[in-house]
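Colleague: Before I ask anything, here is the structure I am working with.
Chains as they are written, first to last, in my numbering: chain P, 266 to 826; chain D, 175 to 264.
This is how it looks when you write it as structure tokens:
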């Protein structure tokens with residue numbers, strides 16, 4: 266089948282979801298009202314609570330949630346064929362992610378813009394809130410470890426990207442100073458920054474840089490991972506205006522340029538999908554598609570991480586309540602379209618089925634490299650970019666995303682440690698630098714503990730997916746309980762919730778068995794912890810919902826508010 | 175006419191760029207600024223709280239200027255009422 270057809274079908278279905286389903290959900294279920302005074306107005310303080318234009322808010326929300334994950338997940342999952350990945354991404358976006366993201370903003374906005382974490386405490390109970398903290402910590406830990414491994418791998422596979430990747434950080438530092446000191450206006454800086462970045466991408470293939478294969482006792486892969494964590498630790502301690510802010514801005518622009526280029530190239534060249542629709546010739550050791558597909562693709566279909574962004578920052582800036590539809594739901598559609606691009610690149614960007622099978626020779630292989638190789642081939646055919654240049658371009662895109670997520674993740678992990686320092690009265694843990702070191706140490710432990718050479722990161726990917734889905738489950742639970750309290754239909758959120766919990770638990774059990782068979786006790790223990798959290802979440806869901814439904818029956822129906 | 179519309183378009187683009195740059199980090203930066211301002215307030219009013227301040231001759235002059243922010247400051251510092259006997263703002 267032609268990739269153009271797949272692309273149009275996917276984008277069309279998601280557009281239909283936005284125009285029809287999200288309208289129904291927002292108007293009939295959430296009953297958003299233009300007269301509701303949002304927290305941004307109610308508690309306006311010029312710091313956290315600032316009413317923001319919905320297009321700006323969408324851009325902010327979308328670039329915060331879109332990262333490397335919606336690329337990595339689908340690019341791994343196409344090993345089962347493109348149909349399952351395509352269906353899960355499209356239907357996941359329409360019925361799961363959009364409702365989840367918009368719902369999280371809505372729930373938070375209706376509750377003084379509190380974060381989902383504290384809402385869990387208020388609406389469900391304190392036990393659920395503790396589980397929530399642990400799950401968030403695990404998600405951050407895994408995402409940092411996995412992304413470090415992914416970046417290290419790509420810098421080794423594509424040494425032409427080393428220069429632009431690190432050069433982008435220098436560009437961001439300069440831009441940060443220029444803007445902070447108000448030396449030139451932002452539009453000018455934008456143009457200079459983007460031109461500088463793409464000039465470096467152009468220069469990258471002429472100056473490929475690689476680490477020596479062994480550096481003392483370390484392999485190049487291990488050295489990159491350690492360098493990356495060193496960088497992330499420093500970056501997460503700097504004031505945000507210095508590096509994070511300008512880099513996020515450039516990344517955001519890059520994301521749109523990348524998406525336009527990829528979709529444009531697909532439209533122009535119209536490549537054929539070489540990968541099978543359903544892969545019947547699966548490599549050995551590939552786990553069963555059900556349930557693993559639903560945790561391999563988390564971001565791009567539904568991801569709990571979005572709930573944190575939705576309720577933490579987005580809800581505080583919501584100008585009018587009906588904006589949740591555009592910001593939340595359409596944000597999810599944006600992410601879905603990124604995942605769709607990843608699927609197309611990883612299945613249509615190869616000359617023949619044999620080439621594709623050579624890359625996907627075992628589970629966990631392919632992934633980002635397949636996206637970069639395939640995407641580069643499509644760019645080469647579509648817009649005539651040199652293949653190496655196109656590879657550099659896509660590598661830079663993926664690595665910069667993953668890098669931003671890493672240092673934001675490390676920053677958040679540091680906050681959690683600092684909070685624990687306060688709770689348990691441990692003086693040194695409350696300080697920024699030691700807490701950061703602790704965060705880095707736990708991440709390194711995971712990255713190296715999962716596989717001696719530091720390549721263990723990819724083993725954690727499905728485990729990261731399960732944890733992420735648990736988080737989404739908890740957010741959906743909060744929304745569902747709110748809906749039940751308001752006596753509104755709960756099936757539109759309860760359905761996805763039950764599906765997620767069942768698939769997550771099954772996936773955890775499958776993985777538990779495979780870790781046991783391999784004798785990988787480190788990951789076995791980690792899996793057990795997540796499994797325990799999953800079971801607790803399920804129990805919590807059942808008890809809270811039955812209690813609430815009973816309470817509803819006992820008291821006569823009151824007016825819906 | 176055409177020049178004007180281009181100018182208007184540039185202004186619009188510039189507004190969106192500024193917002194896109196600033197909106198995500200507004201709170202973090204404003205919070206950092208507020209922390210610095212709080213320290214400054216402490217310096218200005220330190221003498222009244224028994225902390226000797228060699229520059230009090232100059233800081234005294236600033237007090238009326240900062241009076242407006244005084245109430246916000248002491249409530250943020252966890253004191254419900256003004257900690258100073260001679261300044262009663264609430």
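A virtual CB, placed ideally from N, CA and C, is assigned to each residue, including glycine.
Less than 7 Å between the beta carbons of residue 536 of chain P and residue 635 of chain P, yes or no?
Modeller: Here residue 536 of chain P is taken as the residue at index 271 of the first chain, counted from 1. Here residue 635 of chain P is taken as the residue at index 370 of the first chain, counted from 1. No, the Cβ-Cβ distance between residue 536 of chain P and residue 635 of chain P is not below 7 Å.
Colleague: Considering only the beta carbon of each residue, do residue 429 of chain P and residue 490 of chain P sit closer than 7 Å?
Modeller: As a working note, residue 429 of chain P is residue 164 in the first chain. As a working note, residue 490 of chain P is residue 225 in the first chain. It is not a contact, given that the beta carbons lie outside the stated cut-off.
Colleague: Using the DSSP secondary-structure output, state which residues sit across from residue 537 of chain P in a beta bridge.
Modeller: Along the first chain, one-based indexing puts residue 537 of chain P at 272. According to DSSP, residue 537 of chain P bridges with P:267.
Colleague: Buried or exposed, going by whether 16 or more other CB atoms sit within 10 Å of the CB of residue 175 of chain D?
Modeller: For the purposes of this step, residue 175 of chain D is taken as the residue at position 1 of the second chain. Exposed, because fewer than 16 other Cβ atoms sit within 10 Å of the Cβ of residue 175 of chain D.
Colleague: Please list the partners that residue 347 of chain D has in chain P, where partner means a Cβ-to-Cβ separation under 9 Å.
Modeller: For chain D, the structure presents residues 175 to 264; residue 347 of chain D sits outside this window and is missing.
Colleague: Comparing alpha-carbon positions, which option in P:443, P:497, P:392, P:289 lies nearest residue 805 of chain P?
Modeller: Walking along the first chain from the start, residue 805 of chain P turns up at place 540. Nearest C-alpha to residue 805 of chain P: P:392.
Colleague: Mind listing the chain D neighbours of residue 506 of chain P? Cutoff is C-beta to C-beta under 8 Å, in chain order.
Modeller: The sequence position of residue 506 of chain P within the first chain is 241, counting from 1. Under the 8 Å cutoff, chain D gives 199, 203.
Colleague: For chain D, is any of its Cβ atoms less than 7 Å away from the one on residue 824 of chain P?
Modeller: Indexing the first chain from 1 puts residue 824 of chain P at position 559. Confidence at residue 824 of chain P is low in this model, with a pLDDT of 49, below 50, so its placement is unreliable and the value that follows should be read with caution. Output row for residue 824 of chain P: interface = no.
Colleague: Helix, strand or coil for residue 484 of chain P, going by three-state DSSP, please let me know.
Modeller: For this step, residue 484 of chain P is matched to residue 219 along the first chain. Strand at residue 484 of chain P.
Colleague: Mapping DSSP to helix, strand and coil, what is residue 443 of chain P?
Modeller: For the purposes of this step, residue 443 of chain P is identified with residue 178 of the first chain, where counting begins at 1. In this structure, residue 443 of chain P counts as helix in the three-state DSSP scheme.
Colleague: Take residue 474 of chain P and list the residues in its own chain whose beta-carbon comes closer than 8 Å to its own, dropping the five residues that flank it on each side.
Modeller: Working through the first chain from its first residue, we reach residue 474 of chain P at position 209. Cβ within range, chain order: 424, 427, 428.
Colleague: Could you give the distance in angstroms between the alpha-carbon of residue 415 of chain P and the alpha-carbon of residue 179 of chain D?
Modeller: If you number the first chain from 1, residue 415 of chain P lands on position 150. If you number the second chain from 1, residue 179 of chain D lands on position 5. Distance between the alpha carbons of residue 415 of chain P and residue 179 of chain D: 47 Å.
Colleague: As a quick exercise: from P:541, P:708, P:665, pick the residue whose alpha carbon is nearest that of residue 608 of chain P.
Modeller: Looking up residue 608 of chain P in the first chain gives position 343. Of P:541, P:708, P:665, the residue nearest in Cα terms is P:541.
Colleague: In angstroms, rounded to a whole number, what distance separates the CA positions of residue 595 of chain P and residue 269 of chain P?
Modeller: Taking the first residue of the first chain as 1, we reach residue 595 of chain P at position 330. Taking the first residue of the first chain as 1, we reach residue 269 of chain P at position 4. If you take the alpha carbons of residue 595 of chain P and residue 269 of chain P, they lie about 22 Å apart.
Colleague: Just verifying my parser: in three-state terms, what is the DSSP assignment at residue 583 of chain P?
Modeller: Counting from one through the first chain, the residue named residue 583 of chain P turns up at place 318. In this structure, residue 583 of chain P counts as strand in the three-state DSSP scheme.
Colleague: Does the beta carbon of residue 451 of chain P sit closer than 7 Å to a beta carbon anywhere in chain D?
Modeller: Residue mapping note: residue 451 of chain P aligns to position 186 of the first chain, counting from 1. Look at residue 451 of chain P: its C-beta is under 7 Å from a C-beta on chain D.
Colleague: Should residue 598 of chain P be labelled buried (16 or more other beta-carbon atoms within 10 Å of its own) or exposed?
Modeller: Within the first chain, residue 598 of chain P is the residue found at index 333, counting from 1. Classification for residue 598 of chain P: buried.
Colleague: Does the beta carbon of residue 750 of chain P fall short of 6 Å from some heavy atom of the ligand SAH?
Modeller: Ligands are entirely absent from the displayed structure, and the ligand SAH is therefore not among its contents.
Colleague: Residues of the segment 303-336 of chain P in Cβ contact with chain D at a cutoff of 9 Å, in chain order, please.
Modeller: Cβ contacts with chain D come from 310, 311, 312, 313, 314, 315, 317, 318, 320, 321, 322, 324, 325, 328, 329.
Colleague: What would DSSP say about residue 551 of chain P, mapped onto helix, strand or coil?
Modeller: Translated into positions along the first chain, residue 551 of chain P becomes position 286. If DSSP states are grouped into helix, strand and coil, residue 551 of chain P belongs with coil.
Colleague: Short of 9 Å Cβ to Cβ, which residues in the segment 361-384 of chain P face chain D?
Modeller: none
Colleague: Would you say the segment 670-689 of chain P touches the segment 449-461 of chain P, given that touching needs at least three Cβ pairs under 8 Å?
Modeller: no
Colleague: For residue 693 of chain P, count neighbouring Cβ atoms within 10 angstroms of its own Cβ and tell me buried if that reaches 16, exposed if not.
Modeller: Stepping through the first chain from its first residue, residue 693 of chain P is reached at position 428. It is exposed - the Cβ of residue 693 of chain P has fewer than 16 other Cβ atoms within 10 Å.
Colleague: What is the C-beta distance between residue 580 of chain P and residue 373 of chain P, in whole angstroms, given that I count them as a contact (C-beta under 8 Å)?
Modeller: Counting from one through the first chain, the residue named residue 580 of chain P turns up at place 315. Counting from one through the first chain, the residue named residue 373 of chain P turns up at place 108. The pair is a contact, with the Cβ atoms about 4 Å apart (cut-off 8 Å).
Colleague: So is residue 192 of chain D in contact with chain P if we call contact Cβ pairs under 7 Å?
Modeller: Position 18 of the second chain, counting from 1, holds the residue named residue 192 of chain D. Closer than 7 Å: yes.
Colleague: Using a C-beta to C-beta distance shorter than 9 Å, which residues of chain P count as neighbours of residue 231 of chain D?
Modeller: One-based indexing of the second chain puts residue 231 of chain D at position 57. Within 9 Å Cβ-Cβ: nothing; residue 231 of chain D doesn't reach chain P, min ~32 Å.
Colleague: Quick test of the definition: if touching needs 3 or more C-beta pairs under 8 Å, does the segment 377-394 of chain P touch the segment 640-647 of chain P?
Modeller: no
Colleague: What alpha helix (DSSP H) runs, 4 residues minimum, are completely inside the segment 600-632 of chain P?
Modeller: Taken in chain order, the unbroken stretches of alpha helix (DSSP H) that lie wholly in the segment 600-632 of chain P and span 4 residues or more are 618-624.
Colleague: Any C-beta of chain P sitting closer than 7 Å to the C-beta of residue 256 of chain D?
Modeller: Residue mapping note: residue 256 of chain D aligns to position 82 of the second chain, counting from 1. No, no contact with chain P.
Colleague: Quick check on residue 510 of chain P - is its C-beta less than 7 Å from some C-beta in chain D?
Modeller: As a first step, residue 510 of chain P must be located in the first chain, where it is residue number 245. Answer yes: the Cβ-Cβ gap between residue 510 of chain P and chain D drops below 7 Å somewhere.
Colleague: I'd like to know if residue 479 of chain P contacts chain D, where contact means its C-beta is closer than 7 Å to some C-beta of that chain.
Modeller: Position 214 of the first chain holds residue 479 of chain P. Judged by the 7 Å Cβ criterion, residue 479 of chain P is not in contact with chain D.
Colleague: Determine the closest residue to residue 797 of chain P out of P:787, P:369, P:682, P:769, with distance taken between C-alpha atoms.
Modeller: As a working note, residue 797 of chain P is residue 532 in the first chain. Taking only the C-alpha atoms, the option nearest residue 797 of chain P is P:769.
Colleague: I need the DSSP call for residue 824 of chain P, collapsed to helix, strand or coil.
Modeller: Residue numbering aside, residue 824 of chain P sits at position 559 when the first chain is read from its first letter. In this predicted model, residue 824 of chain P has a pLDDT of only 49, less than 50, meaning its place in the structure is not dependable; the value taken from the coordinates is given anyway. Residue state, collapsed to three classes: coil.
Colleague: Can you give the Cα-Cα distance for residue 388 of chain P and residue 283 of chain P, rounded to whole angstroms?
Modeller: Within the first chain, the letter at position 123 stands for residue 388 of chain P. Within the first chain, the letter at position 18 stands for residue 283 of chain P. Distance between the alpha carbons of residue 388 of chain P and residue 283 of chain P is about 29 Å.
Colleague: List the residues of chain P whose Cβ lies closer than 8 Å to the Cβ of residue 188 of chain D, in chain order.
Modeller: As a first step, residue 188 of chain D is located in the second chain; it is residue number 14 there, counting from the start. Here the neighbours are 450, 451, 452.
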